[in-house]
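Student: The sequence shown: position 242 = 268 (this note's numbering), numbered continuously.
For every residue, glycine included, the Cβ atom is placed at its ideal position computed from N, Cα and C.
Model, not experiment: these values are computed from the prediction.
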Amino acid sequence: MKSIASKLAIRMAVAALSLAPAYAQQKLTISASGGSYDACVKQVYSDSFEKETGIKVVVGSPAYDTGVWRAQQESAKVEWDVATSDPGQLQQLVANGWVLPLDLKLLQSKGGLVDFPGMVTTKDNTVYALPSEIFGIVVTYNSDAFPGEKPRTWSDVFDLKKFPGKRLFSNSVVDFGVLEIALLADGVEPSKLYPLDVERALKKLDTIKSDIAWYDFGTQQIALLQQKEAVIGAGWDGRVKALQKEGVHVDFSPDQAIVKPDLWVLPKGGNAEVGARFLAHIHDPQRQADFAKCIGYAPALKGAYSLLGNGQKFTIDPQDLTKVVPWGANYWAENARDVTTRFNEWLTQ
Numbered sequence: 027m028k029s030i031a032s033k034l035a036i037r038m039a040v041a042a043l044s045l046a047p048a049y050a051q052q053k054l055t056i057s058a059s060g061g062s063y064d065a066c067v068k069q070v071y072s073d074s075f076e077k078e079t080g081i082k083v084v085v086g087s088p089a090y091d092t093g094v095w096r097a098q099q100e101s102a103k104v105e106w107d108v109a110t111s112d113p114g115q116l117q118q119l120v121a122n123g124w125v126l127p128l129d130l131k132l133l134q135s136k137g138g139l140v141d142f143p144g145m146v147t148t149k150d151n152t153v154y155a156l157p158s159e160i161f162g163i164v165v166t167y168n169s170d171a172f173p174g175e176k177p178r179t180w181s182d183v184f185d186l187k188k189f190p191g192k193r194l195f196s197n198s199v200v201d202f203g204v205l206e207i208a209l210l211a212d213g214v215e216p217s218k219l220y221p222l223d224v225e226r227a228l229k230k231l232d233t234i235k236s237d238i239a240w241y242d243f244g245t246q247q248i249a250l251l252q253q254k255e256a257v258i259g260a261g262w263d264g265r266v267k268a269l270q271k272e273g274v275h276v277d278f279s280p281d282q283a284i285v286k287p288d289l290w291v292l293p294k295g296g297n298a299e300v301g302a303r304f305l306a307h308i309h310d311p312q313r314q315a316d317f318a319k320c321i322g323y324a325p326a327l328k329g330a331y332s333l334l335g336n337g338q339k340f341t342i343d344p345q346d347l348t349k350v351v352p353w354g355a356n357y358w359a360e361n362a363r364d365v366t367t368r369f370n371e372w373l374t375q
């Protein structure tokens, strides 16, 4: 493990240097996230990486399903050189040995990371993921469906009489806050949210269960909103902002947003050398500022904020966490399997 870490440290330390011509024949495969996120990754990160290095960036399949990770690792047929993840999934990837350690010095460079829960996940003093931005799970709605009063709170999402229509939720109980949302809607104070009262949350979800449209990934979330198959629920602030730029009539409320960082990892079995180069490319204040302008998520690097100007507003202010709910990385690290089993049982009842 230490030898791998030291090799990656050397590779990342020279990330600002130009690659030799031999690299021009290589390619880098990154995982897909879909929709506006992939478009911004290409615009800000991939295109400039290709221009700088000559390495072709290819978008592969999504990496959100841990079962796909398992299949790739057990078959030794790893598709990605770099993949996106989040603090919940990362715990499983590290425990199974499916991601490679990174150079901690990289994370501490370029002005350092903003002080935000879950930004750095370590095991045995080794870091396994590079945070790139912070996003919010927010009250999201089709504004055409509610021409008068607009929904603002998670309680509004559960009010079928006041705001009728199908509800929008992710069926990934660990990653996208459905139990947290139910408890907040039921009056639980954010400071007392964890450990989750799972049975209380499921009881609250029972009140709208027949009106929920479940989605698996971000592009489904967007399609459900656009087509009015669901009109209100839990979405991601950056995705909503991207739709607004396209003229789609959707909006969100930042009240009690559940917030967490997006992460990048190096899958074991991928091209770690080229992957580490790409991570170093991402870890740049100007590029993160440009990415923030494109997608609307708050940057992970402190140095990016001074490059954005006063006009750029985010759902999450890393300097003020009083209005948001940091996602419980430590809770989910210990309880993900049991809670997922219980949630899946509830889904089939």
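For a test of the three-state rule: what should DSSP assign to Ser-59, helix, strand or coil?
Tutor: Reduced to three states, the DSSP call for Ser-59 is coil.
Student: Report the partner residues of Phe-161 according to the DSSP bridge assignment.
Tutor: For Phe-161, which the question treats as bridged, DSSP gives the partners Lys-286.
Student: Write down the C-beta distance between Lys-380 and Trp-124 rounded to the nearest angstrom, noting that I regard them as a contact closer than 8 angstroms.
Tutor: For residue 380 there is no data in the structure shown, the boundaries of the chain being 27 and 375.
Student: Compute the Euclidean distance between the alpha carbons of Lys-349 and Gln-282, then round it to the nearest angstrom.
Tutor: About 6 angstroms.
Student: Rounded to whole angstroms, what is the Cα-Cα separation between Ala-109 and Tyr-241?
Tutor: Rounded to whole angstroms, Ala-109 to Tyr-241 spans 21 angstroms at the Cα level.
Student: Could I get the ranges of all uninterrupted alpha helix (DSSP H) runs contained in the stretch 254-302, with 4 residues as the minimum, in chain order?
Tutor: Fully enclosed alpha helix (DSSP H) runs of 4 or longer: 263-271.
Student: For the stretch 49-111, which segments carrying the alpha helix (DSSP H) assignment without a break, of at least 4 residues, lie completely within its bounds, in sequence order?
Tutor: Runs found: 61-66, 73-79, 92-101.
Student: Is the beta carbon of Gln-99 closer than 7 angstroms to that of Val-378?
Tutor: Missing from the structure shown is residue 378; the chain here goes from 27 to 375 and no further.
Student: Taking the continuous beta strand (DSSP E) assigned at Ser-196, which residues delimit it?
Tutor: Ser-196 -> beta strand (DSSP E) spans 193-196.
Student: Taking only the alpha-carbon atoms, compute the straight-line gap between Phe-369 and Leu-228 and give it to the nearest angstrom.
Tutor: C-alpha separation (whole angstroms): 8 angstroms.
Student: Counting only the same chain and skipping the five closest in sequence on each side, list residues whose C-beta sits under 7 angstroms from that of Lys-136.
Tutor: So the qualifying residues of the chain are His-309, Asp-310, Pro-311, Leu-327, Gly-329.
Student: Leaving aside the five residues before and after Gly-354 along the sequence, list all residues of the same chain whose C-beta is less than 6 angstroms from its C-beta, in chain order.
Tutor: Excluding sequence neighbours, Gly-354 sits near Tyr-220.
Student: Once the 5 residues before and after Ile-284 are set aside, which same chain residues still bring their CB inside 6 angstroms of it?
Tutor: Only Ile-163, Gly-203, Glu-206, Val-351, Trp-353 meet the Cβ criterion.
Student: With a threshold of 8 angstroms on Cβ separation, who are the neighbours of Gln-117 within its own chain once the five nearest residues in sequence on each side are excluded?
Tutor: So the qualifying residues of the chain are Thr-147, Ala-355, Trp-358, Ala-359, Ala-362.
Student: If I follow the unbroken alpha helix (DSSP H) through Ile-342, where does it start and stop?
Tutor: Counting along the chain, Ile-342 falls outside any alpha helix (DSSP H), and DSSP gives it neither H nor E.
Student: With DSSP run on the structure shown, which of helix, strand or coil describes Gln-117?
Tutor: In this structure, Gln-117 counts as helix in the three-state DSSP scheme.
Student: Between Ala-227 and chain B, is there a C-beta pair that is closer than 7 angstroms?
Tutor: This model lacks chain B altogether; it includes just one protein chain.
Student: In whole angstroms, what is the alpha-carbon distance linking Tyr-167 and Leu-128?
Tutor: So the alpha carbons of these two residues sit roughly 39 angstroms apart.
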